[in-house]
Structures are given as C-alpha cells and as structure tokens.
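Student: Residue numbers (the numbering used here): 152 to 659. Here a beta-carbon is modelled for each residue, glycine too, at the ideal position from N, C-alpha and C. Note that the structure is predicted; figures quoted are calculated from it, not measured. Structure below; questions to follow.
In structure tokens form, the structure reads like this:
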C-alpha cells in the first residue's frame, strides 16, 4: 500500500519523507498522524485540513473491457486512490539542517483527525427523557424547533447516529462537545468519531465487524500476545455526585428580639420563599443572594442553611414568626453491584470476593445521571480484563470494530473490540500495524487518562446563584517606529562554502 498525503486547499500531494510516517487510530479518541517534510518553507499551516490516501497498485480495467488509445501514442497508467484518514495540523517542529550553500529545513508535523473539532466548542445544555442519539444529533441538527448547537457551524454533518437508550436526565455545564460525546458513549456503551468527510458517527460497538478475523486456518499476524488481569476489576461501583434535590418543605421559627440570622434544617438548593408574621398573618418578603445583592429584605445562599434579615429591617420579636419554604439538597452517592461476579471471585479467592471503587462526578446533580454512570462503569470494568495485542502487515482494520479470534492453542474463541491501531511505514512502503483489542475495555492511554482527570477535578457547575460574565475585549492599535543601529564584526570562523550554520549560529 502506497500512501499519499494531500493538502486540502489545492488537493496537491505533500512530498513527505516516507519512512517518517506513522499513525494511530483509537476508539473514542483522536487519531494521530505524524510525518516529516524536507524543504525551505512549511508546506502546511497549523489548523489546515489534510487527508491521507491509500494508492492501490492493482491494475484497473475499463468497464466492458477493451483498450484506451491515446492521441499521439504513449501509455496511460492508472492507480486507485481511497481516503482512509482526514484531519488537521495540530503543530509542527522546524529543524535547520543547512550545510553548505543550500538552506535545508525539516518540518515534523503532528496531525489529529477531525474528532478534534469537537474539543473547540463548549456545551451548556440539559436534556430530559431523550435518547443518546437525539442528544448527539442536537449538536449538529435542528430538532423539535431547537437550533443545532454548537458544531453546526464547524462543517460537521450527520453520519450514522443510532438512537440508543433513553437517558432520563443529563446536564452539560460548559464542557466541550468532545467531553459530552465521551460521556454519552460511556453511559450507552456506544462509540463516536468524526470521519474524513467530517461526518459525526455515534453507534453501538457491535454495529461494525472488522475487515478480517483471526482463526487457526487464517492467522495473518507476525506475533500475538494475550493478557488477562484483574488490575481494574470492580464488583461494586460507587459514584459520588453533587447533590440531589429533595421535596419542597416549609419551616417556621420564632425571633428573639436580637438575632437576624436563622438556620434552616437542611441546605438550601433553590431560591426560597420567605414570609414573616408579626401578628397580622404572613406576608412575603423580597430575597436575594447574600454577598452579591443588596436592597432586599432577606438573604440566602445556595448550599447554605443560613438565611438572614437585612440590617435595615425591624428585628423579629419572640412572638414574631418567619417561615422559609425551599427545596433542600442531599449528598448523592449511587451504586451498582455485580453479585454474580462477587460469588465467582469468592469461590476462587479467600475473602468476600468484593472489589469496590469510588468515582467522583461533582458535575452530576441528578440521581438518574449518577445511576447511569455507575452502571456504565461497572459494565466496563466488572469483568476480568481479557486483551490481545498482535502485529500484522494486513491493512483495512478500523478501531471500534469487532474481530472474532478463534485460536485453539490459546483456548480463545471470542469477539474482541479493536480499540487501538498504530502503524509505522517500512522501507518498502508497506505499513506494519500493532493492534490492541479487548473482550473488556482496557486501553485508553495517557490522553484518555488526563482527559478523565481534568473532568473529575473541575468543580465549576452552573447553579441558580451563579452568574456567567461575558468578557469584553477592547482593541486599539499602536505603531512604534525606530531606526536600529548595527555593528559589523569579522567572522571568527574559517568556513568552506557559504550560508553555513554552526551550533545554530549563522556564519558567512
């Protein structure tokens, strides 16, 4: 397989150094392509689209047979080209290798596939009783009168988007569309990607099968290793979310002629109603956020039990009553248990066979979200890890597809999900692939790890008492002109030729 890299603007070929090309295709992650180019100027700009094509050396025939004669004689050679990767330039390194009079620069490019586009835009939306596919489509397609947002103006269109299960409630509070799609994929067991046509796909992991299977009769691998481990095993998955709203409640307290601050029994989760009765019946008072708003009769804060009277108001006497009506919030922890696996583990190990794990999700505010997360995590890690890694020269495999592996010598007869493919090109122009697949999800790599940590560590969650300030940018233009002074020095080097660099310094 020959490979061609195309500049998307003119669809002209980039003259890359063949042995430098490598790529990685991972499920629910960005595919990566890297390569080097020799020249005097960078052929591609950061952010520019590019495509990788496979050039087939197989002979092509005219439909219906026959020959094609060229005017003036000569021969016509035809090769087939097929896209297999599309993305953008993430960055490049520029190295100076000049020797003699010809400037020689090397540009080493790092490129990511179009899934990166989903990381550029933030989502602040909530959904109730919607399918996962509906939510994914809402990022690019207008639905039920609601405008598409936020990927509709990034050139992303709909590919294969399956509905999947209905999600009772989910809230996305200023997180990237990439993180939203990751969350939907984790809850549903689906996977997503944006292909070389900038089409968004979101579908079940068993929706596609691999280009070939591995059996005793057909084993196109150079080496193969099976791994089995309990490293990430869990039989009980806890999810520690934010808080859950309770039913509305009303509480009445008496003044004492001195105090202005009162304590509710539970933490306040919504804007409360505060009423005061000084002997003529209850009257509703104005309320505002303590420390943020002035000029109100009473103040409160979300997450606090304290509600207080403004200093300009008359202190309540021992016969005066204040009533606060509010929704409380409770710490929320959801769990999911695999009892059968615990029984199996207990029969083999000494002890209970229980493996517990806590996952922090401070951005989740509903029980439905927390339960979905717990079920999804237990589905992923609630089994012993069974993974396989092999090398092959046979092309055509894609991450996210199922491959059947049946090898009697290893006692294996199962379907494996291809989770990562890395390829490096050999001297003869043929790719050598390293394939990682699993019967249970195991691969994710450092990119996924840091992404998960970033999401867990973030504490910003949009609440009723939070305000988003739109920053305003002030621009002005300043021009400074000066005449530089220069001093010439004789070179301290005797050099053969001109335009030479020594230790990074130009010498003439």
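#1: Just to confirm the assignment, what range does the beta strand (DSSP E) spanning residue 321 have?
#2: Could you check if residue 627 is buried or exposed, using at least 16 other CB atoms within 10 Å of its CB as the buried criterion?
#3: Which class does residue 548 belong to by DSSP, given the choice of helix, strand or coil?
#4: In the DSSP assignment, find the beta strand (DSSP E) that holds residue 175 and state where it starts and stops.
#5: In angstroms, rounded to a whole number, what distance separates the CA positions of residue 173 and residue 275?
#6: I'd like the span of the beta strand (DSSP E) that includes residue 575, first residue to last.
#7: Three-state secondary structure (DSSP) at residue 261?
#8: Could you give the DSSP three-state label for residue 506: helix, strand or coil?
#9: Quick check: residue 201 and residue 155, are their CB atoms within less than 8 Å of each other?
#10: First and last residue of the beta strand (DSSP E) that includes residue 425?
#11: Apply the 10 Å Cβ neighbour rule to residue 496 and answer buried if 16 or more other Cβ atoms are within range, or exposed otherwise.
#12: Just mark residue 538 as buried or exposed, buried being the case when its beta carbon has 16 or more other beta carbons within 10 Å.
#13: According to DSSP, simplified to helix, strand and coil, what is residue 559?
#14: Under a Cβ-count criterion, where at least 16 other Cβ atoms within 10 Å of its own Cβ denotes burial, should residue 523 be classed as buried or exposed?
#15: Excluding sequence positions up to five away, which residues of its chain have a Cβ less than 6 Å from the Cβ of residue 424?
#16: Under 8 Å Cβ to Cβ from residue 163, same chain only, skipping five residues before and after it: list those, please.
#17: So the candidates are 355, 188, 372 and 569; which of them puts its Cα closest to the Cα of residue 335?
#18: Could you pull the start and end residues of the beta strand (DSSP E) that residue 431 belongs to?
#19: Looking only at C-alpha atoms, which of 410, 479 and 565 sits nearest to residue 462?
#20: Since residue 394 and residue 516 are thought to touch, with beta carbons under 8 Å apart, how far apart are those beta carbons, to the nearest angstrom?
#21: For residue 583, name the three-state secondary structure that DSSP assigns.
#22: If you follow the beta strand (DSSP E) that residue 188 is in, where does it begin and where does it stop?
#23: Assuming residue 466 and residue 533 are in contact, meaning their beta carbons sit under 8 Å apart, how far apart are those beta carbons, in whole angstroms?
#24: State the CB to CB distance for the pair residue 665 and residue 307, rounded to an integer number of angstroms; the pair is presumed to be in contact (CB under 8 Å).
#25: Taking Cβ positions, are residue 379 and residue 535 nearer each other than 8 Å?
#26: Can you say whether residue 279 is buried or exposed, counting buried as having 16 or more other CB atoms within 10 angstroms of its CB?
#27: Tell me whether residue 466 sits in a helix, a strand or coil according to DSSP, three-state version.
#28: Does the stretch 582-590 come close enough to the stretch 545-558 to have 3 or more Cβ pairs within less than 8 Å?
#29: Under 8 Å, do residue 326 and residue 373 count as touching if we go by C-beta distance?
#30: State the DSSP-derived secondary structure class of residue 238, mapped to helix, strand or coil.
#31: In chain order, what residues of the same chain lie with their CB nearer than 6 Å to the CB of residue 541, ignoring the 5 residues before and after it?
#32: How many whole angstroms separate the CB atoms of residue 468 and residue 441, which I take to be in contact at a CB cut-off of 8 Å?
#33: Can you check which of these residues, 474, 357, 436 and 398, is closest to residue 421 by C-alpha distance?
#34: Starting from residue 439, trace the beta strand (DSSP E) both ways and give me its first and last residue.
#35: Measuring straight from C-alpha to C-alpha, what distance separates residue 120 and residue 187?
#36: Please report the distance separating the alpha-carbon of residue 506 from that of residue 244.
Tutor: This is what the structure holds:
#1: Locating residue 321 in the chain shown gives position 170, counting from the first residue. Counting along the chain, the beta strand (DSSP E) containing residue 321 begins and ends at 317-327.
#2: Translated into the one-based positions of the chain shown, residue 627 becomes position 476. Here residue 627 scores only 45 on pLDDT, less than 50, and its place in the model should not be relied on; the value that follows carries that caveat. Residue 627 should be labelled exposed.
#3: For the purposes of this step, residue 548 is taken as residue 397 along the chain shown, with counting starting at 1. Coil, per DSSP.
#4: Position 24 of the chain shown, counted from the first residue, corresponds to residue 175. Looking at the DSSP string, the run of the beta strand (DSSP E) that includes residue 175 is 173-177.
#5: For the purposes of this step, residue 173 is taken as the residue at position 22 of the chain shown. For the purposes of this step, residue 275 is taken as the residue at position 124 of the chain shown. In a straight line, the C-alpha of residue 173 is about 37 Å away from that of residue 275.
#6: As a first step, residue 575 is located in the chain shown; it is residue number 424 there, counting from the start. That run of the beta strand (DSSP E) goes 563-576.
#7: Numbered from 1 along the chain shown, position 110 holds the residue referred to as residue 261. Residue state, collapsed to three classes: strand.
#8: Position 355 of the chain shown, counted from the first residue, corresponds to residue 506. If DSSP states are grouped into helix, strand and coil, residue 506 belongs with coil.
#9: Translated into the one-based positions of the chain shown, residue 201 becomes position 50. Translated into the one-based positions of the chain shown, residue 155 becomes position 4. Contact flag unset, no.
#10: Working through the chain shown from its first residue, we reach residue 425 at position 274. Segment 424-428, the beta strand (DSSP E) holding residue 425.
#11: To locate residue 496, count along the chain shown from 1; it is residue 345. Flag for residue 496 reads buried.
#12: The sequence position of residue 538 within the chain shown is 387, counting from 1. Counting Cβ neighbours within 10 Å, residue 538 comes out buried, since at least 16 surround it.
#13: Along the chain shown, one-based indexing puts residue 559 at 408. Residue state, collapsed to three classes: helix.
#14: Within the chain shown, numbered from 1, the residue matching residue 523 stands at position 372. Looking at its Cβ environment, which holds 16 or more other Cβ atoms inside 10 Å, residue 523 is buried.
#15: Locating residue 424 in the chain shown gives position 273, counting from the first residue. The answer, listed in chain order, is 476.
#16: For the purposes of this step, residue 163 is identified with residue 12 of the chain shown, where counting begins at 1. So the list reads 157, once near-sequence residues are dropped.
#17: Position 184 of the chain shown, counted from the first residue, corresponds to residue 335. Cα-wise, what sits closest to residue 335 is 355.
#18: Counting from one through the chain shown, the residue named residue 431 turns up at place 280. First-last for residue 431: undefined, no H or E at that position.
#19: Counting from one through the chain shown, the residue named residue 462 turns up at place 311. Residue 462 has its Cα closest to that of 410, out of 410, 479 and 565.
#20: For the purposes of this step, residue 394 is taken as the residue at position 243 of the chain shown. For the purposes of this step, residue 516 is taken as the residue at position 365 of the chain shown. That pair is a contact at about 7 Å.
#21: Along the chain shown, one-based indexing puts residue 583 at 432. Looking at residue 583 - three-state DSSP - the assignment turns out to be strand.
#22: Position 37 of the chain shown, counted from the first residue, corresponds to residue 188. Counting along the chain, the beta strand (DSSP E) containing residue 188 begins and ends at 183-190.
#23: What you label residue 466 is simply residue 315 of the chain shown in a count that begins at 1. What you label residue 533 is simply residue 382 of the chain shown in a count that begins at 1. Actually they do not touch by this definition, with Cβ atoms about 59 Å apart.
#24: Because the chain in this structure spans residues 152 to 659, residue 665 falls outside the shown range and cannot be described.
#25: Reading the chain shown from its first residue, position 228 is the one you call residue 379. Reading the chain shown from its first residue, position 384 is the one you call residue 535. Going by C-beta atoms, residue 379 is nearer than 8 Å to residue 535.
#26: Here residue 279 refers to the residue found at position 128 of the chain shown. Classification for residue 279: exposed.
#27: Position 315 of the chain shown, counted from the first residue, corresponds to residue 466. Here residue 466 sits in coil by DSSP.
#28: yes
#29: Translated into the one-based positions of the chain shown, residue 326 becomes position 175. Translated into the one-based positions of the chain shown, residue 373 becomes position 222. Result no, Cβ atoms of residue 326 and residue 373 do not sit closer than 8 Å.
#30: Here residue 238 is taken as the residue at index 87 of the chain shown, counted from 1. Three-state result, residue 238: strand.
#31: For the purposes of this step, residue 541 is identified with residue 390 of the chain shown, where counting begins at 1. The answer, listed in chain order, is 372, 375 and 586.
#32: The count along the chain shown starts at 1 and reaches residue 468 at position 317. The count along the chain shown starts at 1 and reaches residue 441 at position 290. With 8 Å as the limit, residue 468 and residue 441 do not qualify as a contact, their Cβ atoms being about 23 Å apart.
#33: For this step, residue 421 is matched to residue 270 along the chain shown. Among 474, 357, 436 and 398, the Cα nearest to that of residue 421 is on 398.
#34: Here the question's residue 439 lines up with position 288 in the chain shown. 438-440 is the span of the beta strand (DSSP E), which, as asked, contains residue 439.
#35: This structure cannot settle anything about residue 120, because the visible part of the chain is limited to 152 through 659.
#36: Here residue 506 refers to the residue found at position 355 of the chain shown. Here residue 244 refers to the residue found at position 93 of the chain shown. In a straight line, the C-alpha of residue 506 is about 46 Å away from that of residue 244.
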